[in-house]
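A.B. asks:
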Amino acid sequence: MDKQKLAVGKEVKSATAITVRFAGDSGDGMQLTGDQFTDTAALMGNDFATLPDYPAEIRAPVGTLPGVSSFQIQFSDSIIFTPGDLADVLVAMNPAALRVNLTNIKKDGMIIVNESVFTEASLVKAGWKANPLDDDTLKDYRVLRVPLSVLTKNALKDLPLKLTEVERCKNFFALGIMFWLYDRDRDHTVEWVRKKFAKRPEIVEANITALKAGYTFADVSEAMPIQFHIKRAKLEAGVYRKITGNEATAIGLVAACNLANKTLFYGSYPITPASNILHELARHKNFGVKTFQAEDEIAACGAAVGASFGGEVGMTGTSGPGLCLKSEMINLAIMAELPLVVVNVQRGGPSTGMPTKTEQADLLQVLFGRNGESPIAVVAPITPADCFLMAIEAVRIAIEYMTPVVLLSDGNIANAAEPWQLPEIEALPKIKVTHPTNSDGPFMPYTRDPKTLARPWAKPGTPGLEHRIGGLAKADITGNVSYDPENNQKMINLRAKKIRRIADSIPELTVDGPAKGKLLVLGWGGTYGPLYQARTELESQGIKISHAQLKYLNPFPKNLGSILGNFEKVLIPELNMGQLLMLIRYHFPGVNAVGMHKVQGHPFKVTEVVEHIRSVL
Amino acid sequence: MSSIDTKKIPFTKNDFVSGQEIRWCPGCGDYAILATMQRTLAKFDIKRENHVFISGIGCSSRFPYYMNTYGFHTVHGRAPTIASGLRCVNPDLSIWVITGDGDGLSIGGNHLLHCMRRNMNLNILLVNNRTYGLTKGQYSPTSEMGKVTKSSPMGSIDHPINALCVALASEATFVARTLDNDPIHMSETFKRAMDHKGTSFVEVYQNCNIFNDKAFVPVTGRDNRDDRMIYLEDGKPLIYGKEKNRGIRLVGMKPEIVDIDNQELDQLPVILMSHNEKTADPSYAYMLTQMDHPEMPVPFGVFRALERPTYDDLLNGQVKTAIKKLGPGDLKKLIHGDNTWTVN
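Taken in order, these protein sequences are the chains called A and B.
Numbering follows my numbering, with no gaps: position 564 of the first sequence is 564.
Numbers in my numbering are just positions in the second sequence, counted from 1, shifted up by 617.
1) I'd like to know whether the C-beta atoms of PHE661/B and PHE670/B end up nearer to each other than 8 Å.
2) Quick one: is GLY245/A near chain B, going by C-beta distance under 8 Å?
3) Is DSSP giving ALA548/A helix, strand or coil here?
4) Would you mind giving the Cβ-Cβ distance between LEU156/A and ALA206/A, rounded to the nearest angstrom? I have them listed as a contact below 8 Å.
5) Does chain B have any CB closer than 8 Å to the CB of MET1/A?
6) Smallest Cα separation from LEU332/A: which of VAL783/B, CYS645/B, VAL692/B and THR653/B?
7) Classify VAL379/A as buried or exposed, calling it buried when 16 or more other Cβ atoms lie within 10 Å of its own Cβ.
8) Touch check for the region 344–351 of chain A and the region 382–395 of chain A: three-plus C-beta pairs under 8 Å?
9) Return the chain-ordered list of same chain residues with a C-beta closer than 8 Å to the C-beta of GLU873/B, the five sequence neighbours on each side being excluded.
10) Distance, Cα to Cα, LYS624/B vs GLU666/B?
11) Any beta carbon from chain B within less than 8 Å of ASN480/A's own beta carbon?
12) Tell me the DSSP bridge mates of THR318/A?
13) Is any beta-carbon of chain B found at less than 8 Å from that of GLU295/A?
14) Should ALA130/A go down as buried or exposed, given a rule of 16 or more other Cβ atoms within 10 Å for buried?
15) Checking contacts by CB at 8 Å: is LEU363/A closer than that to chain B?
16) Measure the CB-CB distance between VAL89/A and GLY109/A and report whether it falls below 8 Å.
17) Do VAL100/A and ALA174/A have their C-beta atoms within less than 8 Å of each other?
18) Flag this pair as yes or no: are the beta carbons of PRO916/B and MET890/B separated by less than 8 Å?
19) Report the option in THR748/B, GLN823/B, ALA700/B and GLY726/B whose CA atom is closest to the CA atom of MET737/B.
20) Drop a sphere of 10 angstroms on the beta-carbon of VAL146/A, count the other beta-carbons inside from all chains shown, and report buried for 16 or more, exposed for fewer.
21) Comparing C-alpha positions only, which one of ASP799/B, PRO886/B, LYS664/B and LYS942/B sits nearest to ALA652/B?
22) Short of 6 Å in beta carbon distance, which residues of its chain neighbour ILE638/A, apart from the five on each side in sequence? Order them along the chain.
23) Quick check on the burial criterion: 16 or more other C-beta atoms within 10 angstroms. Buried or exposed for SER619/B?
24) To which residues of the same chain is PRO530/A closer than 7 Å at the C-beta, ignoring the five residues directly before and after it?
25) So is SER395/A in contact with chain B if we call contact Cβ pairs under 8 Å?
26) Keeping to the same chain, check which residues put their C-beta closer than 8 Å to that of ILE477/A; ignore five residues upstream and five downstream.
27) Is there a C-beta anywhere in chain A that falls below 8 Å from the one on SER579/B?
28) If you reduce the DSSP assignment to three classes, tell me which class CYS642/B lands in.
29) Is there a Cβ from chain B that is less than 8 Å from the Cβ of ALA398/A?
30) Does the beta-carbon distance from GLY822/B to ASN745/B come in below 8 Å?
31) For a test of the three-state rule: what should DSSP assign to ASP35/A, helix, strand or coil?
32) Starting from TYR687/B and walking both ways along the beta strand (DSSP E), at which residues does that stretch end?
33) Run through the region 141–192 of chain A for me and flag every whole beta strand (DSSP E) of 3 or more residues, listed as ranges in chain order.
34) Taking MET908/B as the reference, which of ASN879/B, ARG845/B and ASN961/B has the closest Cα?
35) Return the residues of the region 451–474 of chain A that lie within a Cβ-Cβ distance of less than 9 Å from chain B, sorted by chain order.
36) Rounded to a whole number of angstroms, what is the C-alpha to C-alpha distance between HIS279/A and ASN576/A?
So, in structure tokens, the structure goes:
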């Protein structure tokens with residue numbers, strides 16, 4: 001589309017980082033609108049991070065507070081890792097969306113409301129006693145009242161569409177306004193609409209018309225005197241794509257099995273927010289991927305263990321409550337010493353908790369939530385794109401050490417998107433797999449590799465290696481059932497030692513900021529973004545602190561203790577009530593460790609971390 | 618199940634005996650089942666390394682340790698899940714799931730049902746002794762109402778479940794019953810199960826001589842068996858009795874015993890029900906499962922044997938189709954996805 005000339009009387013200003021929040025009813029298409037805005041930011045060279053925020057209910061009653069679905073994006077001309085604390089602009093498609101999101105917008109921020117639906121009935125539904133557009137409720141904000149529904153209807157009046165179809169285009173009108181405000185290129189979205197609705201040309205036309213009408217509306221509106229321009233970010237040279245954590249996890253698992261020349265078997269039972277890993281994997285059957293939608297969480301894990309017993313890579317994915325159900329099966333894999341990858345996309349708990357909200361409160365569960373002494377390897381990706389590499393790591397460790405590995409993702413990074421600089425295939429780690437093919441004398445399934453302590457992975461179907469394994473205590477070497485007291489002690493020691501040996505194969509922990517000093521902020525997994533930005537924010541204020549983010553939770557990187565020893569105080573912010581804190585205090589009793597806890601279903605805001613750090617300095 | 622190895626290897630029972638010490642109680646019916654299984658495998662051309670036995674928890678679930686094949690003693694009730702995963706990644710193995718009335722019908726009921734409805738190509742042997750043996754004698758899901766055990770001192774108030782009804786309701790394609798004191802019938806049934814492609818479900822009446830001794834004797838005891846058991850034979854009329862003088866006919870929807878002493882032989886197929894394993898309507902096989910002692914003779918043999926595509930074949934078929942349609946997976950394409958941009 002040709003670049004349109006700005007209307008008379010308009011001014012262009014440049015901005016460095018902008019946060020936009022789209023909010024509406026679950027049926028208003030806010031996630032889709034946010035995705036389009038994100039794709040465009042990506043293609044225009046900005047760095048970005050997103051925060052989809054939607055209810056667990058598929059369609060809560062229209063216009064109610066629980067039905068509000070939001071999507072926040074920060075896009076910038078510099079490197080960023082968070083979706084922004086508070087929005088510069090809130091697009092509120094109805095009174096409920098406005099009410100739910102008033103705490104998410106900056107003072108003096110702009111609110112664009114769909115005035116058409118601020119009727120008495122919908123105000124009551126959203127719990128407004130009076131119309132907030134008419135009193136001083138919004139006096140701290142710049143409010144732009146746009147009759148979105150009416151304008152959309154007018155723009156589409158000549159098209160042969162049902163009223164409900166017209167109504168559904170209003171998000172594109174709103175998107176058009178935002179595209180003008182931030183001087184966005186519309187081509188990508190136009191192309192996307194053409195492809196998406198290829199079979200329904202009238203819908204294609206309607207959406208494109210609504211988009212353009214919104215753009216033009218903003219261009220001529222006197223209420224929008226300024227258009228902002230955000231330059232390209234100085235990202236490292238390379239090829240990029242937009243990726244969410246769950247997409248990166250799925251692609252990483254496929255890549256790992258490809259590198260290992262193994263069949264990927266993924267057993268899963270649908271559960272929020274892990275289901276789209278199953279969906280993504282199911283699309284890649286041409287890689288030999290076998291997905292199995294099991295009857296329950298236990299079966300999903302059991303089938304994965306069966307696949308691993310068969311000599312392929314068994315994996316399962318779930319979220320908190322599902323992980324509880326898998327515990328016994330994971331323990332079988334620990335006892336049978338078979339590779340198994342368990343993806344746990346953590347969500348708000350306990351019990352069913354808050355399915356669509358994020359949390360990091362399963363760390364102690366994955367480490368200790370099984371009967372007996374059952375150490376397990378645990379890794380945690382730190383950003384959406386990092387899920388790719390950590391998924392490969394999980395598979396590598398599982399195969400090299402013949403052990404289950406838990407990949408601890410979370411609801412936030414699972415659904416959040418960021419630009420991903422694509423790796424060269426040749427640079428990806430190779431995963432070496434060996435299966436014994438013969439045996440001098442009877443096969444001994446519990447002999448061990450001297451370096452990794454892994455037992456041999458003998459595939460059923462291999463002549464001469466017939467053997468029996470199971471959950472009963474095993475005799476060393478032979479693997480026969482044994483209740484011998486000394487042997488039991490030995491085997492438990494060996495399995496623990498094997499997990500500790502993994503530390504030989506993982507990278508050392510790195511520190512951002514001074515290597516020694518007053519304060520180290522130690523995070524793990526998905527909180528990397530806000531912690532990174534809190535450190536740089538403080539640095540810009542002249543306060544130097546350090547930050548390290550753990551990706552390996554069991555075993556820890558070998559240099560963790562010496563790093564911790566270099567600081568007077570260690571602050572451990574977590575989206576739980578102090579789980580890593582408990583581990584650090586146990587493993588490193590001399591360290592002055594303090595916690596920062598939040599279990600509200602949302603990631604940390606940069607400002608709250610900055611304030612907390614200031615308070616402990 | 619199709620034969621895997623075409624090169625004839627004459628096996629003997631001993632080829633399938635593992636060196637492990639057997640830990641079942643002396644006199645347990647499991648010994649006969651184990652020996653019969655070992656003898657049955659010797660009749661096939663399938664190499665030892667291509668057999669896998671997978672079990673859950675319980676007395677019968679120790680089975681894999683005693684077979685000189687690949688074996689996996691897994692989690693209570695979950696053997697069908699592990700077997701399903703294995704089957705999905707390896708089409709060449711012959712897989713037996715060994716379970717019991719508690720393991721399969723109680724804690725693992727869900728998996729049993731889903732394995733059968735998917736028609737995974739594997740065999741399930743459910744060893745039914747109507748008690749919890751390994752935990753020392755509590756009532757099981759197949760125990761009769763009123764049964765007095767340590768956990769039911771005033772008598773069980775749990776209505777029992779019929780294993781074959783579960784199999785039929787799950788649309789299993791092969792459903793059979795046999796008994797531990799008839800090795801010939803047992804072996805023939807195991808063989809039929811292995812020859813069948815899809816989930817083969819076999820219930821075996823087994824005596825737990827410690828906690829539920831002689832539970833099946835009223836039906837299968839030497840003195841009574843001819844008059845209280847009926848062997849199903851495909852295409853043949855339902856006849857039983859020491860003198861082969863009784864048959865089953867259908868009156869409305871109900872089976873009924875008829876005296877056939879005075880009937881002409883060629884009239885029998887007209888009067889009596891003829892057994893047809895391939896009856897697609899499950900109500901026929903279901904009706905057979907309802908024949909129980911003391912009102913009716915108890916049927917043994919193959920109740921149902923139908924052909925239906927197996928889950929594993931369909932899964933492998935989808936992989937093949939995807940490769941044909943999209944070409945073999947290209948890692949670079951996968952990583953790049955549909956939309957990329959370049960930063961210089």
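By construction, the Cβ of each residue, glycine as well, lies at the ideal position given by its N, Cα and C atoms.
C.D. replies: So, from the data block:
1) no
2) no
3) strand
4) 5 Å
5) Only weak support exists for where MET1/A lies, its pLDDT of 41 falling under 50; the value from the coordinates is given anyway. Chain B, which has no Cβ nearer than 8 Å to the Cβ of MET1/A, makes this no.
6) VAL692/B
7) buried
8) no
9) ILE865, ARG866 and LEU867
10) Any reading at LYS624/B must be qualified, since the residue scores a pLDDT of 48, below 50, and its modelled position is unreliable; no value is offered.
11) yes
12) ASN344/A
13) yes
14) exposed
15) no
16) yes
17) no
18) no
19) ALA700/B
20) buried
21) ASP799/B
22) Outside the shown range of chain A (1 to 617) lies residue 638/A, about which nothing can therefore be said.
23) In this prediction, SER619/B scores a pLDDT of 38, lower than 50, which makes its location untrustworthy; the coordinate-derived value is nonetheless stated afterwards. Exposed is the call here.
24) THR82, PRO603, PHE604, LYS605, VAL606 and VAL609
25) Checking the sequence shown, residue 395/A turns out to be Val, not Ser. It does not: the Cβ of VAL395/A has no partner Cβ on chain B nearer than 8 Å.
26) MET444, TYR446 and THR447
27) There is no way to answer for residue 579/B, as the model of chain B reaches only from 618 to 961.
28) coil
29) no
30) For clarity, residue 822/B is Tyr in the given sequence; the question names Gly instead. Against a cut-off of 8 Å, the Cβ pair of ASN745/B and TYR822/B comes out as a contact.
31) helix
32) 687–690
33) 142–146
34) ARG845/B
35) ALA458, LYS459, PRO460, GLY461, THR462, PRO463, GLY464, LEU465, GLU466, HIS467, ARG468, ILE469, GLY470, GLY471 and LEU472
36) 29 Å
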